[in-house]
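*Asks:* All residue numbers for the sequence shown refer to our numbering, where the first residue is 2 and numbers rise by one.
For each residue, glycine too, the CB sits at the ideal point set by N, CA and C.
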Amino acid sequence: MFDLTTWMTYAFFVFCLMLGWSAAGALDFDGILRRSTSQGGRLLLRVGVALVLAEGFRLFLSFVLGPVVDMFVNQSINGFKAF
2 MFDLTTWMTY AFFVFCLMLG WSAAGALDFD GILRRSTSQG GRLLLRVGVA
52 LVLAEGFRLF LSFVLGPVVD MFVNQSINGF KAF
């Protein structure tokens, strides 16, 4: 049903989302998330900040890790073509 590429894509997104979530908590220097009046408002604000940061991490890591993954995948595909 799902191939390895699909699973790697979802895993990479979840990894970037976890980085964004932790960065959203770490960047709350002035306590903006704690000053929000309701628990739901704090959660929505942190989710929004985490999504924006996750997209930034995804772009950055794609440029950093993309060539390495391409090299690994191309070598393994070329190795399978030999058989």
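Is the Cβ-Cβ distance between Leu52 and Gly21 less than 8 Å?
*Replies:* yes
*Asks:* Taking the beta carbon of Leu54 as the centre, do at least 16 other beta carbons fall within 10 Å, making it buried, or is it exposed?
*Replies:* That one is buried.
*Asks:* Between the alpha carbons of Gly42 and Met72, how many angstroms are there, rounded?
*Replies:* 44 Å
*Asks:* With a 10 Å radius around its C-beta and 16 neighbouring C-beta atoms as the bar for buried, classify Val50 as buried or exposed.
*Replies:* buried
*Asks:* By DSSP, does Ser63 sit in helix, in strand, or in coil?
*Replies:* Three-state DSSP puts Ser63 in a helix.
*Asks:* Classify Asp4 as helix, strand or coil using the three-state DSSP reduction.
*Replies:* coil
*Asks:* With a threshold of 16 other CB atoms inside 10 Å of the CB of Ala83, please say whether the residue is buried or exposed.
*Replies:* Residue placement at Ala83 is poorly supported in this model, since its pLDDT is 45, which falls under 50; the coordinates still yield a value, given next. Its Cβ having fewer than 16 others within 10 Å, Ala83 is exposed.
*Asks:* With Cys17 and Phe58 assumed to form a contact (beta carbons below 8 Å), what rounded beta-carbon distance in angstroms separates them?
*Replies:* 4 Å
*Asks:* What does the alpha-carbon distance come out to for the pair Asp4 and Arg36?
*Replies:* 44 Å
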